[in-house]
Amino acid sequence: MTRHFLDPRLAGLVRYVPGEVPRDGRPVIKLNTNENPFPPSPAVVKALSAAGAERLNLYPDPEARGLTRAIADRFGLDTDRVVTGNGSDELLAFCFHGFCPRGAVFADVTYGFYPVFCRMFGVPFETVPLRDDFSLNVDDYRGRRETVFLANPNAPTGLALALPDVRRLLEQDRDRLTVVDEAYVDFGAESAAPLLDEYDNLLVIRTFSKSRQLAGARLAFALGSSSLAADLMTLKFGFNPYSVNAQALAAGEAALRDEAYFERTRREIMRNRDTLQEGLRALGAEVVPSKANFVFTRPPADAASLQRILRERGILVRHFPDEPGRPARTGAWLRVSVGTAEQVGALLEAMRDVLRDMRKETADATR
Ligand code: PMP
């Protein structure tokens, strides 16, 4: 008999299911986890070699002073309003753990990690349905007392809320904290960061994983009032003061300094996104207009089968099956990360072939 040592309070825990990471060395076009298709800036690679392996005997600076200074300068904030973390997932975990005394509330279709965190930390949560077109109605949050989590742009839809709407959300209740998860904001949406001086009930979370090509380094930061940042720092130091490692700190500083590379790659991804959206529409797919580095699309065929067949052809995209007990909203859709121009071209071509085959099969079957 297997003995279980897990605390029974955690027996209902479910794992967040990350997108597939290919293993067998087969070449794949990886458009399933919203990574940046370009390598990090050459300046990052140089900084990593210089910051180098020979200093790994030492702990990293738990206050990440160099990187924190660089981030603070970029946003025109004092350094005591910036907290770095091991990816936004870690900072979000601290928020669910420590900033939700009345529970959490978020959209019914949003980042799938939010409910997982809630179960992990025993935080009661409620979801608020998006409209049928996946847009978010800020008025639906009026009167809610829970801490609000807003992915902006949202994932997996790519839709962004405009700044006046974010402001209205903050205005609804100045004693209620709103955490704005801006993982994808650099691809054309508006950041809530300019509202930070006006609203102390706002925490903005940003990551280096997407627009800065550092998903593998695990690096993110939060911006808030100095008191919010101090509390977040306490949560971090109560868990792991060294969660951001020395290599990530060096990589982050170098990435922030190379503004030209950031701009060039970000613009290219937005251009490729246009190509991808147009191509998908031309294939008869429905497309949600995206402000992120991915596109949410309803193909004119069974989404799960299409995802599987593309995978057999070496192209990974994401499918979120409908879950029992939740409104059927995403099962017919695929989320496709924006790759290089070549990757986008290869995906569209493969989709065209596969859709033709699938249509032929259906026609044969009904003949
Ligand atoms: N927020 C959203 C909305 C995301 O889609 C992701 C990526 N899976 C994250 C946060 C986490 O990003 P990271 O931990 O790499 O910063």
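For this note's numbering, count along the sequence shown from 1 and bump the result up by 1089. Glycine included, C-beta positions come from ideal geometry on N, C-alpha and C.
query: L1317 beta carbon less than 8 angstroms from that of D1289; result: yes
query: Three CB pairs or more closer than 8 angstroms across the segment 1191-1208 and the segment 1232-1245; result: yes
query: T1296 Cβ short of 7 angstroms to the ligand PMP heavy atom set; result: yes
query: Completely contained beta strand (DSSP E) runs for the segment 1306-1331, where each covers 3 or more residues; result: 1309-1312
query: Between the CA atoms of A1304 and G1114 - distance to the nearest angstrom; result: 20 angstroms
query: Ordered list of beta strand (DSSP E) runs contained in the segment 1393-1440, each at least 3 residues; result: 1423-1426
query: DSSP three-state assignment for T1246, whether helix, strand or coil; result: coil
query: Residues of its chain near A1240, where Cβ-Cβ distance is below 6 angstroms and the 5 sequence neighbours each way are ignored; result: T1199, Y1200 and D1270
query: Residue closest to Q1366, alpha-carbon to alpha-carbon, out of F1210, D1275, D1162 and G1247; result: G1247
query: Simplified DSSP assignment, three categories, for E1143; result: helix
query: Chain-order list of residues whose beta-carbon lies under 6 angstroms from that of E1039 (same chain, five-residue window excluded); result: The requested residue 1039 does not occur in the structure, where the chain is confined to residues 1090 to 1456.
query: Three-state secondary structure assigned by DSSP to A1344; result: helix
query: Range of the contiguous alpha helix (DSSP H) that encloses E1215; result: Segment F1214 to V1217 is the beta strand (DSSP E) holding E1215; no alpha helix (DSSP H) there.
query: Close beta carbons around P1149, own chain, < 7 angstroms, minus the five adjacent residues each side; result: Y1331, V1333, N1334, A1335 and L1338
query: Cβ-heavy atom distance, A1309 to the ligand PMP, below 7 angstroms; result: yes
query: When A1454, T1267, L1259 and D1222 are compared against P1245, the one with the closest alpha-carbon; result: D1222
query: With 16 other Cβ atoms within 10 Å as the buried cut-off, status of D1264; result: exposed
query: Through-space distance from P1129 to E1438, alpha-carbon basis; result: 28 angstroms
query: DSSP three-state assignment for F1127, whether helix, strand or coil; result: coil
query: Alpha carbon of A1344 to alpha carbon of L1369, nearest angstrom; result: 32 angstroms
query: Cβ neighbours of E1124 in the same chain (closer than 6 angstroms, five flanking residues each side left out); result: A1304
query: Euclidean distance between Cα positions of R1441 and D1363; result: 18 angstroms
query: Contacting residues, own chain, Cβ-Cβ under 6 angstroms from P1242 (five flanking each side not counted); result: A1249, Y1273, A1278, K1380 and A1381
query: Boundaries (first-last residue) of the beta strand (DSSP E) holding F1238; result: T1236 to A1240
query: Sufficient close CB pairs (3 or more, under 8 angstroms) joining the segment 1099-1114 to the segment 1225-1232; result: no
query: Secondary structure, alpha helix (DSSP H): runs of 4+ residues fully inside the segment 1344-1370; result: none
query: Range of the contiguous alpha helix (DSSP H) that encloses D1254; result: L1252 to Q1261
query: Beta-carbon spacing of F1164, A1282 below 8 angstroms; result: yes
query: Rounded C-alpha distance that separates R1307 from L1156; result: 14 angstroms
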